[in-house]
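Here is the structure we will look at, set down as structure tokens.
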Amino acid sequence: MNKTKKKFTKRDIFTAIFLALFVAAVILGGVFLLPKGGFGVLGLFGILLLGLVLLVTWHSTNYAYVCKECKHNFRINFYKDLFAPQTTTTKYLKCPKCGKKTWAKETSR
Ligand SMILES: [Zn+2]
Numbered sequence: 013m014n015k016t017k018k019k020f021t022k023r024d025i026f027t028a029i030f031l032a033l034f035v036a037a038v039i040l041g042g043v044f045l046l047p048k049g050g051f052g053v054l055g056l057f058g059i060l061l062l063g064l065v066l067l068v069t070w071h072s073t074n075y076a077y078v079c080k081e082c083k084h085n086f087r088i089n090f091y092k093d094l095f096a097p098q099t100t101t102t103k104y105l106k107c108p109k110c111g112k113k114t115w116a117k118e119t120s121r
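Heads up: the sequence shown begins at 13 in this note's numbering, then just goes up one per residue.
Okay, here's the thing in structure tokens:
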């Protein structure tokens, strides 16, 4: 085992499975719903929107961020989770404690 690698928690695995299901639902939705025209397109949008809302809600309630400046650990709301610029492990956020904007590192709650 390579110990320098990031350890995956059950939650990370759940997130990955959830993402995979979401992608599968979108692909299947695209294949079966799009040929149906109007309502099919609407249905696909519904799947996309629902999946996105579920995913962001799940993410914002299960992950927290650590401020680079003061190491303060804080959670963010749904909108910040959805709209803040981000990389796979960091997010550009304003720290509620010191007020500085940094690329806060994602961490467990
Ligand atoms: Zn801070």
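Don't be surprised by glycine CBs; every beta carbon is placed ideally from N, CA and C.
- In the three-state reduction of the DSSP assignment, ALA116 falls in the strand class, which pools E and B.
- THR27 and PHE86 have their alpha carbons spaced roughly 20 Å apart.
- Cβ neighbours of ALA96 within its own chain (closer than 6 Å, five residues either side excluded): LYS103, TYR104, LEU105.
- Within the DSSP bridge table, the entry for LEU105 names THR114 as partners.
- Boundaries cannot be given for ALA96, as no alpha helix (DSSP H) includes it and DSSP labels it neither H nor E.
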